[in-house]
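Q: Sequential numbering of the sequence shown, starting at 1, is according to my numbering.
So that we are looking at the same thing, I have put the structure below in structure tokens.
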Amino acid sequence: MPAIAFSGFSFKYRAQTEPTLRNINLKIYPGEKILIAGPSGSGKSTLARCINGLVPAAYSGDITGTLSVCGLNPAQEGIFGMSKKVGTVLQDTDGQFIGLTVGEDIAFALENDCVPQANMRAKVEKAAGLVGVEKMLGHAPGSLSGGQKQRVSMAGVLVDDVDILLFDEPLANLDPAAGKNTIALIDELQKNQHKTIIIIEHRLEDVLWRDVDRIVVVGDGTIDADMTPDELLCTDILEREGIREPLYIAALKHAGCTLRAQDKPQHVETMDVAPYAENIRNWFSGVRMPSACRGTDDALAVQHVSFSYDGSHEVLRDVSFSLKKGEMASIVGQNGAGKSTLASLICGFYAPCSGRITLNGHDISPLSVKERGEKIGFVMQNPNQMISCPLIF
């Protein structure tokens, strides 16, 4: 019996004229790990809301067709009823925290169930141990790294011993190392706890580091593909839907290779590349990188900049670099390395403890945030923090 079964399922939000999901037919079986991919606005998140009961309880609209989750109808069970079967880890983990400490947050579901306090501690410690945060129970959730917050969110849904774990873009706010650890942890939960796993994610290459049973591609409210990773990567469906393929797959296709499922392209480490070796060599030898067009003058210069939030621990220490006019650069580093702090200093949200920042040769320390904003555009990681009006225009 499927853990989740959509049959001829369609859903239209009350405020919209067209359905967001149309004629969805999908079965997910107990113990499977399914990756749901699709471009922004394709209906992935709506599909997840139907599974965990947020549709129609929190998002009203019109439903046709049928949906069964663990033998239940989410529309009838409501959010609380479905929370006993489906645990959801949100993309923005900060929006999921309730307690002042990690322990309190994990215990929140147990408090709702009126579990005696004498039994609560053991359950919290067990859930925390499953995801490796048992030593952080007294910490404030806001003080944790992105990867640690993901683990706490997982513990908060595991404490109820749900059958299905639903992850809504779990890698969105994580650096590559933390993302890799998160995917490994999800894989362990599936294998050791026998959970049904659903992952909604854009970063296919990071998710496919560990095996998934199937990839479901959602496009414009319909299911465009339901295949094994090896089958899907041999097609042009991902490219057609605007989903970034794993880089090694894109490189092979650019080299003129016709991929075959029997060569197991899901994992670059174990893929049989012998049939494609000649194409790769010919393509690589013929690649000519275009010369970069950049000016000779510095557009932005950061000179010996140091910064500390509390006056004791230096987040940035003697940082110096410059960017030429027309140059494109990436600032990379693990979570907590100081990337966002550096951007905040450039925009004037904070002032350096030492050093200076120049724009087109002029020191910008006298400029206000508004004055800098007229010269420097800044796009935040979370676009919700930049939206200030009820309408786009």
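All C-beta atoms in this analysis are idealised placements derived from N, C-alpha and C, irrespective of residue type, glycine included.
1. Go ahead and label Ser45 buried or exposed: buried means 16 or more other beta carbons lie within 10 angstroms of its beta carbon, across all protein chains shown.
2. For Tyr309, does the count of other Cβ atoms within 10 angstroms reach 16, so buried, or fall short, so exposed?
3. Assign Glu18 to buried or exposed, taking buried as 16 or more other Cβ atoms, counted over all protein chains shown, within 10 Å of its Cβ.
4. For Val217 and Glu241, which I take to be in contact (beta-carbon distance under 8 Å), what is that distance rounded to the nearest angstrom?
5. Looking only at its chain, what residues have a beta carbon closer than 8 Å to the beta carbon of Arg306, apart from the 5 residues adjacent to it on each side?
6. Which class does Met227 belong to by DSSP, given the choice of helix, strand or coil?
7. Is it buried or exposed, Glu201, if we count other Cβ atoms within 10 angstroms and call 16 or more buried?
8. Between which two residues does the alpha helix (DSSP H) containing His267 stretch?
9. Taking DSSP as the reference, what is the three-state secondary structure of Gln381?
10. Do Ile183 and Arg210 have their CB atoms nearer than 8 Å?
11. Compute the beta-carbon to beta-carbon distance between Asp175 and Gln381, rounded to the nearest angstrom, for a pair I have assumed lies under 8 Å.
12. Along the chain, which unbroken stretches of the alpha helix (DSSP H) at least 4 residues long are found entirely within the region 70-131?
13. Does the beta-carbon of Pro229 have 16 or more other beta-carbons within 10 angstroms, so that it is buried, or is it exposed?
14. Return the CA-CA distance between Phe97 and Asp213, expressed in angstroms with no decimal places.
15. Helix, strand or coil for Leu144? Go by DSSP, reduced to three states.
16. Tell me, which residues are paired with Val319 by DSSP?
17. In the DSSP output, what is Lys324 paired with across the bridge?
18. Look up His313 in the DSSP assignment and say whether it is helix, strand or coil.
19. Just the C-alpha distance for Ala118 and Val157, rounded to the nearest angstrom, thanks.
20. So the alpha helix (DSSP H) Val55 belongs to, where does it begin and stop?
21. For Glu231 versus Glu239, is the C-beta distance shorter than 8 Å?
22. In its own chain, which residues sit with a C-beta less than 8 Å from the C-beta of Val287, not counting the 5 before and 5 after it?
23. Label Met82 either buried or exposed according to how many other C-beta atoms from any shown protein chain fall within 10 Å of its C-beta, with 16 as the threshold for buried.
24. Exposed or buried, what is Met136 when buried is set at 16 or more other beta-carbons lying within 10 Å of its beta-carbon?
25. Quick check on Gly373: buried or exposed, where buried means 16 or more other Cβ atoms within 10 Å of its Cβ?
26. To the nearest angstrom, how far is it from the Cα of Pro275 to the Cα of His267?
27. Using a Cβ-Cβ cutoff of less than 8 Å, which residues in the same chain neighbour Val115 once the five nearest sequence positions on both sides are dropped?
28. Could you check where the alpha helix (DSSP H) with Leu359 kicks off and where it finishes?
29. How close, in whole Å, do the beta carbons of Thr66 and Ser7 come, if the pair is a contact with beta carbons under 8 Å?
30. Would Arg121 pass as a contact of Val133 if the rule is Cβ separation under 8 Å?
31. Decide if Ala375 is buried, meaning its Cβ has at least 16 other Cβ atoms within 10 Å, or exposed.
32. How big is the Cα-Cα spacing for Leu402 and Ile346?
33. On the three-state DSSP scale, how would you describe Lys191?
34. Buried or exposed, going by whether 16 or more other CB atoms sit within 10 Å of the CB of Ile237?
35. Roughly how many angstroms separate the alpha carbons of Val159 and Ala140, rounded to a whole number?
A: Once the coordinates are examined:
1. buried
2. exposed
3. exposed
4. 6 Å
5. In the sequence under discussion, the amino acid at residue 306 is Ser, which differs from the Arg named in the question. Hits under 8 Å: Glu314, Leu316, Arg317, Asp318, Val319, Pro352, Cys353, Ser354 and Gly355.
6. strand
7. buried
8. Neither: His267 is in no alpha helix (DSSP H) and is coded neither H nor E.
9. coil
10. yes
11. Contact flag wrong, Cβ pair sits at about 12 Å.
12. 74-83, 102-112 and 117-131
13. buried
14. 31 Å
15. coil
16. Val305
17. Asp298
18. coil
19. 20 Å
20. Leu54 to Ala57
21. no
22. none
23. buried
24. buried
25. exposed
26. 16 Å
27. Lys123
28. Here Leu359 belongs to no alpha helix (DSSP H); instead the beta strand (DSSP E) covers Ser354 to Leu359.
29. 5 Å
30. no
31. Just to set this straight, residue 375 is Lys in the shown sequence, not Ala. Its Cβ having fewer than 16 others within 10 Å, Lys375 is exposed.
32. Outside the shown range of the chain (1 to 393) lies residue 402, about which nothing can therefore be said.
33. helix
34. buried
35. 19 Å
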